[in-house]
Structure formats: structure tokens, C-alpha cells
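Below: the structure, in C-alpha cells.
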Amino acid sequence: MSSLSYLGEKLQHLFSSIFLYVSCLCGSTCFLISSLYKSILFKVNKFFIQLFYFIFISIFGFLILRNLNPRHSEDFTSTNLDLFFTSVSSATISSMSTLEMEVFSNSQLIVITFLMFIGGEVFISMIELYLIRPKFKPWRKNSKIESILSSNNSTTSSPRNSNFNNDDDYNIELDIVVLPDSPKSIKSDKDDFTSSDNNLKYQSIKFLGVVTLVYLLVINIVGMSLVLMYLAFVSSAKDVLINKGLNTYIFAIFTTISSFVSCGFVPTNENMMVFSKNSGLLWILIPLLLVGNALYPMCLRFSIRLMGKLFVSKKREAKYLLKNSREIGHLHLFSRQHSRLLVVTMFGFILVQFILFCALEWNSNGLNGLNSYQRFVGSLFQVVNARHTGETIVDISTLSPPILVMFIVMMYLPPYTSFIPVKGVEENTEEYLFGEKQKRGKVVENFIFSQLCYLSLFIVLICITERKKMKDDPLNFNVLNITLEVVSAYGNVGFTTGYSCDRMINGDQSCKNKWYGFVGKWSDEGKIIIIIIMFFGRLKKFNMQGGKAWKLL
73 MSSLSYLGEK
83 LQHLFSSIFL
93 YVSCLCGSTC
103 FLISSLYKSI
113 LFKVNKFFIQ
123 LFYFIFISIF
133 GFLILRNLNP
143 RHSEDFTSTN
153 LDLFFTSVSS
163 ATISSMSTLE
173 MEVFSNSQLI
183 VITFLMFIGG
193 EVFISMIELY
203 LIRPKFKPWR
213 KNSKIESILS
223 SNNSTTSSPR
233 NSNFNNDDDY
243 NIELDIVVLP
253 DSPKSIKSDK
263 DDFTSSDNNL
273 KYQSIKFLGV
283 VTLVYLLVIN
293 IVGMSLVLMY
303 LAFVSSAKDV
313 LINKGLNTYI
323 FAIFTTISSF
333 VSCGFVPTNE
343 NMMVFSKNSG
353 LLWILIPLLL
363 VGNALYPMCL
373 RFSIRLMGKL
383 FVSKKREAKY
393 LLKNSREIGH
403 LHLFSRQHSR
413 LLVVTMFGFI
423 LVQFILFCAL
433 EWNSNGLNGL
443 NSYQRFVGSL
453 FQVVNARHTG
463 ETIVDISTLS
473 PPILVMFIVM
483 MYLPPYTSFI
493 PVKGVEENTE
503 EYLFGEKQKR
513 GKVVENFIFS
523 QLCYLSLFIV
533 LICITERKKM
543 KDDPLNFNVL
553 NITLEVVSAY
563 GNVGFTTGYS
573 CDRMINGDQS
583 CKNKWYGFVG
593 KWSDEGKIII
603 IIIMFFGRLK
613 KFNMQGGKAW
623 KLL
């Protein structure tokens with residue numbers, strides 16, 4: 073019995089030691105992971121974090137697309153570069169294409185939909201809010217841990233002056249002493265909000281993440297429901313899907329998400345040209361194109377105000393967000409006046425485009441077969457897409473050169489371009505939009521060019537890689553078409569003139585017209601450059617202040 077008792081004690085001691093070892097190992101692992109997370113999140117430049125994110129999801133999407141069977145495997149002739157190009161185009165919401173959309177199976181369309189969703193600006197902003205939220209915890213900035221003799225420092229003497237012969241003096245307590253902010257950090261606010269109230273700021277950012285998630289889900293669900301209802305009641309639109317063998321639900325989900333994230337992909341080869349007479353469907357998509365892009369800051373403020381009224385417990389956080397948008401430093405949370413000016417600028421651009429488009433293209437071949445109402449809605453749909461989405465009801469190559477130049481200018485402009493005539497509305501745009509100034513060395517700053525400079529270099533590189541085709545096929549491979557393709561990739565729009573065998577000077581009997589972008593006829597080197605441009609365009613917000621070292625006198 074004594075030996076069994078001894079053995080039991082030994083086993084108990086062994087298991088206790090193992091448990092203690094495992095606990096220490098788990099604690100150390102969690103500490104290392106937490107330290108690594110904080111180091112990456114708070115020290116690594118946001119540009120590199122997002123660059124890694126887009127490259128990772130692009131490779132992830134490519135691997136899945138390659139392992140899924142296409143719709144017609146016997147007619148599917150694509151290279152790994154084309155599949156990777158499609159994955160990058162989906163992740164960067166560019167809708168540049170080197171393959172026809174109808175070759176993809178339903179499972180591949182779902183993958184492309186997922187890539188568009190997680191690559192959208194609203195989704196990324198929501199993830200960013202959840203990731204940076206720990207940075208604003210109150211204990212990170214406004215508290216210091218001090219070891220003191222008792223819980224009340226004002227009534228207890230210092231340990232150095234204590235009588236150490238008394239055993240009670242060794243009962244040292246640990247407490248968190250919140251030190252008051254310096255007078256420089258205290259700022260008055262109209263509604264008694266101060267920057268020292270970090271707990272409120274933390275809770276407000278948490279609330280903003282919830283509002284963004286609700287907004288993302290509600291808009292997409294409502295959009296899908298409206299598209300499905302339209303397809304159910306309008307037989308002409310549903311017949312198009314039946315003739316092409318497309319699933320109605322997948323089409324509704326794919327098109328809604330693509331429109332909301334401003335991608336521009338549509339499961340049909342002809343994009344929205346086959347729905348040019350379905351004005352009701354175009355009216356459903358037009359608001360989706362705006363609320364996920366240029367109208368998002370205004371819609372975000374409205375959503376915050378609405379959520380604050382619906383949930384009384386969050387009224388304080390909502391009020392703080394609306395009154396302290398600059399202090400929050402969120403890219404899409406503008407002040408009320410700036411949001412209004414952004415909306416006015418956006419509708420001003422649309423109005424100018426609409427007038428010019430109707431004046432030059434009302435009787436063009438692209439709008440043939442449409443009545444006056446359909447032409448009105450189609451023209452409005454086209455110019456709204458010209459900013460950042462890329463869905464189209466006309467063949468871009470048939471448009472007049474002035475319209476193409478206008479589209480190039482519109483695609484170049486960032487989504488939040490706004491006319492601000494009132495001085496003081498935005499004094500520090502870069503710091504306000506990005507939360508913090510990009511910290512670069514002086515040497516590196518001198519070698520950062522402006523956006524126009526980079527675009528010029530890209531156009532020159534494309535002209536070099538495609539110089540032989542520009543010589544042999546000048547009607548397709550001209551500088552205007554190449555410029556439009558490059559700017560479309562940079563603006564993550566997706567407009568393209570395509571490639572037509574009918575425009576070839578030297579006829580080629582083996583040439584077949586395909587429903588994909590102009591870049592689909594480029595060399596592999598040209599496609600790789602466009603991939604780089606799509607990444608560059610998706611991250612252009614980090615280089616909006618580039619080129620300051622260059623002075624034009």
C-alpha cells in the first residue's frame with residue numbers, strides 16, 4: 073500500500089509539472105503572438121500590410137480557380153497567367169479581363185465573387201477598424217503602472233521613509249495610477265468631448281466597426297433581393313440568363329456585390345450590353361454603384377446617426393463620431409461639410425458627363441434599338457460607371473474620341489475627389505484621410521513620383537512591349553486605346569475598347585472576336601505590367617502626395 077501511495081504521489085507530481093510546463097508554454101506562445109501582432113500592426117507601414125493582403129488573396133484565389141473545372145473544359149484554353157490575372161483583377165476590383173466570363177463555372181464565379189467582396193474598400197475599412205481598435209484602448213496611452221506602498225498615495229509614505237522593522241510595511245500593493253493628460257493634449261469641443269476621453273474614443277471606434285458591418289450586409293442583401301425580384305417579374309431579363317445557362321441566384325449575388333464594391337464584372341460576356349433595354353435593372357444597380365463608392369462617406373454618416381437613434385445606449389458614441397471625425401482618423405468618415413461638398417462634386421461630374429455623352433452619342437450605333445427612355449437611363453448608367461466601376465451597356469470602342477478622353481480623365485480621378493472652395497474645411501487632407509502621415513525618409517521621399525508620372529512611365533513600357541503589334545495592327549494597337557487600358561487599370565475601373573478582328577489592316581482568317589478586354593491580346597510582359605498597375609492603382613491612396621520634390625518653374 074505504501075508503494076502504491078508513493079507511486080500515486082509521484083504521478084501527481086509528474087502531471088502537475090507537465091501541466092505547469094504546458095501552461096507556461098501556452099502563456100509564452102500567446103505573449104509572442106501578441107507581441108508580433110502589435111509589432112506588425114502598430115509599427116509596419118499600412119502600405120505594406122495592404123500590399124501583402126492583396127497579393128495573398130490574389131494568390132489564394134488563383135490556386136482555387138486553377139483547381140476548379142471551368143464550364144466547358146474542352147473549349148477552355150487559358151494559361152496560369154490568365155487565371156492569376158483574373159484573380160488579381162477580382163481582388164483589386166479592377167474588372168480587367170483576359171478571359172471571357174462565360175467560360176467560368178458556377179463554383180469559379182463564387183470564388184470571384186468572394187475575392188471581390190473581401191477586396192472591396194468597405195470590407196477592408198471594416199477589417200482595419202477591428203485590427204486597430206486595440207491601439208485606442210485607454211490603458212495604452214493614459215495610464216502608467218507604478219508600484220506603490222498602498223492604494224492611496226497621498227496618505228501613505230514612501231517605502232524609502234518607512235520603518236522596515238515593521239512587517240506590515242512589506243505588504244506592498246500594486247495599483248494602476250491614471251496620470252492626467254498634459255494641458256497640451258486637452259482640447260475643448262462643442263459638445264464637451266475631449267481627446268482625453270480615450271474610453272469613449274475606443275467605444276466609438278468599436279461602434280463604427282459594427283455600423284460598417286451592418287451597412288455592408290444590409291446594402292448587399294437589399295440589392296440582391298431587388299435584382300432577384302426584377303428577374304422574377306421581367307421575363308426578358310430572365311430569358312437572357314436561361315439562354316446563357318447562368319444561375320439566377322449566382323447572377324444576382326455576383327452582380328450586386330460587383331456593383332457595390334465598384335468592380336464591374338458581370339457573369340455575361342457582353343457585360344450589361346445584353347440588358348441595355350432592361351431599364352429597371354439599371355435603375356437598381358445605379359444606387360449600388362454610388363453607395364459603395366463616392367456616396368459612402370455621406371451614407372456612413374447617415375448610418376451612424378440612424379444607429380445612434382435606434383440604439384439609445386450608443387447615442388453618445390454616435391454623437392462623438394459625428395462631431396470628431398477628424399480625430400478618429402478613419403479614411404471614409406468625413407466631416408459634415410466635407411461630405412456635402414463631396415456629394416455636390418460627384419453629381420456635378422455626373423451631370424457634365426451626362427450632358428456631353430447625350431450630346432455626342434444619342435444617335436450613335438451603341439444606342440441603336442433603344443427608345444428615348446432607354447437611352448436616357450442607359451446614358452446615365454454609362455456615365456456613373458465611368459468613375460470607378462466599369463459596367464457598360466455600349467461597346468467602348470464605338471464611342472467618339474472626346475467621350476473616350478472624358479472617360480480617361482474621370483477614371484484617373486480618385487473616388488473622393490471634391491471641390492472645396494471654403495478655406496479651412498480641410499487643412500491637412502493627408503493626415504485627415506489616412507489618420508497619420510506616412511513616415512518616409514528624406515531620400516526616399518525625393519524618389520517618389522506623382523501619379524501622372526507613374527502613368528506616363530507605364531504607358532511607355534506598354535508601348536515598348538507591344539511595339540511590334542502597334543506597327544502591324546495600328547487600328548487596334550494605338551496610343552489612345554493603350555492609354556485608356558492603362559488608366560482603366562490604374563483607376564480599377566475596367567473600361568476597355570476590346571479587340572476587333574475587323575479593324576485589322578492585314579486580314580487574318582484565324583482571328584476570332586472574343587468578349588474580353590484589350591489586354592487579352594497583349595503579350596505576357598504587357599499583362600504583367602497591367603497586373604502591377606492594378607496593384608498600384610488599388611493602393612494609390614498611399615501616394616496621393618507624391619512628387620513634391622519636383623518643382624516646375
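Numbering (the numbering used here), first residue to last: 73 to 625. Yeah, the Cβ is synthetic: ideal placement off N, Cα and C, and Gly gets one too. As the structure is a computational prediction, the values presented were derived from the model and not from experiment.
Whole-angstrom Cβ separation of residue i and residue j, contact assumed at under 8 Å?
{"i": "Q425", "j": "M482", "result": "7 Å"}
{"i": "C335", "j": "I165", "result": "4 Å"}
{"i": "V294", "j": "F189", "result": "Between F189 and V294 the Cβ distance is about 16 Å, and since that is not below 8 Å, they are no contact."}
{"i": "L137", "j": "T170", "result": "Actually they do not touch by this definition, with Cβ atoms about 13 Å apart."}
{"i": "V187", "j": "I129", "result": "The residue you asked about is not Val; residue 187 is Leu in the sequence shown. Contact holds; Cβ gap of about 6 Å."}
{"i": "C583", "j": "I554", "result": "About 19 Å; that fails the 8 Å criterion."}
{"i": "T417", "j": "S490", "result": "4 Å"}
{"i": "G438", "j": "V466", "result": "3 Å"}
{"i": "L450", "j": "L354", "result": "Reading off the sequence shown, one finds Gly at residue 450, where the question assumed Leu. Yes, G450 and L354 are in contact; Cβ-Cβ is about 7 Å, under 8 Å."}
Is DSSP giving residue i helix, strand or coil here?
{"i": "H144", "result": "coil"}
{"i": "T489", "result": "coil"}
{"i": "H404", "result": "coil"}
{"i": "A561", "result": "helix"}
{"i": "G618", "result": "coil"}
{"i": "V551", "result": "helix"}
{"i": "I165", "result": "coil"}
{"i": "T464", "result": "coil"}
{"i": "S179", "result": "helix"}
{"i": "N578", "result": "coil"}
{"i": "A458", "result": "helix"}
{"i": "D154", "result": "helix"}
{"i": "S130", "result": "helix"}
{"i": "E597", "result": "helix"}
{"i": "N396", "result": "coil"}
{"i": "M606", "result": "helix"}
{"i": "D544", "result": "helix"}
{"i": "K386", "result": "helix"}
{"i": "K586", "result": "coil"}
{"i": "E193", "result": "helix"}
{"i": "L123", "result": "helix"}
{"i": "N271", "result": "helix"}
Relative to the C-alpha of residue i, which residue among the options is closest?
{"i": "S351", "options": "G609, N443, I129", "result": "N443"}
{"i": "I358", "options": "T340, I196, S330, G566", "result": "S330"}
{"i": "A390", "options": "M379, I356, E399", "result": "M379"}
{"i": "F305", "options": "T320, K316, V294", "result": "T320"}
{"i": "R205", "options": "E174, T158, V194, Y274", "result": "Y274"}
{"i": "K586", "options": "T327, L527, M173", "result": "M173"}
{"i": "L524", "options": "Q581, G618, F453", "result": "G618"}
{"i": "D544", "options": "L432, R143, M576", "result": "M576"}
{"i": "R377", "options": "L552, R408, S162, P473", "result": "R408"}
{"i": "T340", "options": "P369, R447, S167, L529", "result": "S167"}
{"i": "V194", "options": "F347, C430, L372", "result": "L372"}
{"i": "I520", "options": "I90, V558, K612, E342", "result": "K612"}
{"i": "V567", "options": "I121, N343, N365", "result": "In the sequence as presented, Val is not what sits at residue 567; that position holds Phe. Nearest C-alpha to F567: N343."}
{"i": "L552", "options": "M478, Y588, G609", "result": "M478"}
{"i": "P142", "options": "I121, L97, F156, F176", "result": "F176"}
{"i": "G364", "options": "C98, G191, F208", "result": "G191"}
{"i": "S522", "options": "G609, L97, S472, L394", "result": "G609"}
Short of 8 Å in beta carbon distance, which residues of its chain neighbour residue i, apart from the five on each side in sequence? Order them along the chain.
{"i": "A324", "result": "M296, V299, L300, L303"}
{"i": "M198", "result": "G281, T284, L285, L288"}
{"i": "S308", "result": "K349, N350"}
{"i": "S226", "result": "At S226 the pLDDT is 43, less than 50, meaning the model places this residue with poor confidence and gives no usable figure here."}
{"i": "V558", "result": "L527, F530, I531, I534, I602, I605"}
{"i": "F453", "result": "M344, L354, L357, I358, E463, I465"}
Report all residues from its chain with a CB closer than 7 Å to the CB of residue i; omit the five preceding and five following residues, and keep chain order.
{"i": "G579", "result": "none"}
{"i": "L153", "result": "D596, K599"}
{"i": "H404", "result": "S197, Y368, P369, L372"}
{"i": "T185", "result": "I325, F326, I329"}
{"i": "V455", "result": "I422, Q425, F426, F429"}
{"i": "Y588", "result": "S169, T170, L171, E172"}
{"i": "Q122", "result": "L611"}
Among residues of its own chain, excluding the 5 on either side of residue i, which ones have a beta-carbon nearer than 6 Å to its beta-carbon?
{"i": "E508", "result": "Bear in mind that a pLDDT of 46 at E508, under 50, signals an unreliable position, so the number given afterwards is only what the model happens to contain. There are no such residues."}
{"i": "K386", "result": "F279, G380"}
{"i": "T537", "result": "S595, E597, G598"}
{"i": "K541", "result": "F549"}
{"i": "L318", "result": "P339"}
{"i": "C573", "result": "C583, N585"}
Between residue i and chain C, is the shortest Cβ-Cβ distance under 8 Å, so that the two count as touching?
{"i": "I422", "result": "This model lacks chain C altogether; it includes just one protein chain."}
Taking only heavy atoms of the ligand SAM into account, decide whether any of them is closer than 7 Å to the Cβ of residue i.
{"i": "I531", "result": "Of ligands this structure carries none, so the ligand SAM is not represented either."}
Query - Unbroken stretches of the alpha helix (DSSP H), 4 residues or longer, contained in the stretch 309-359 - result: Runs of the alpha helix (DSSP H) inside the stretch 309-359: 320-332.
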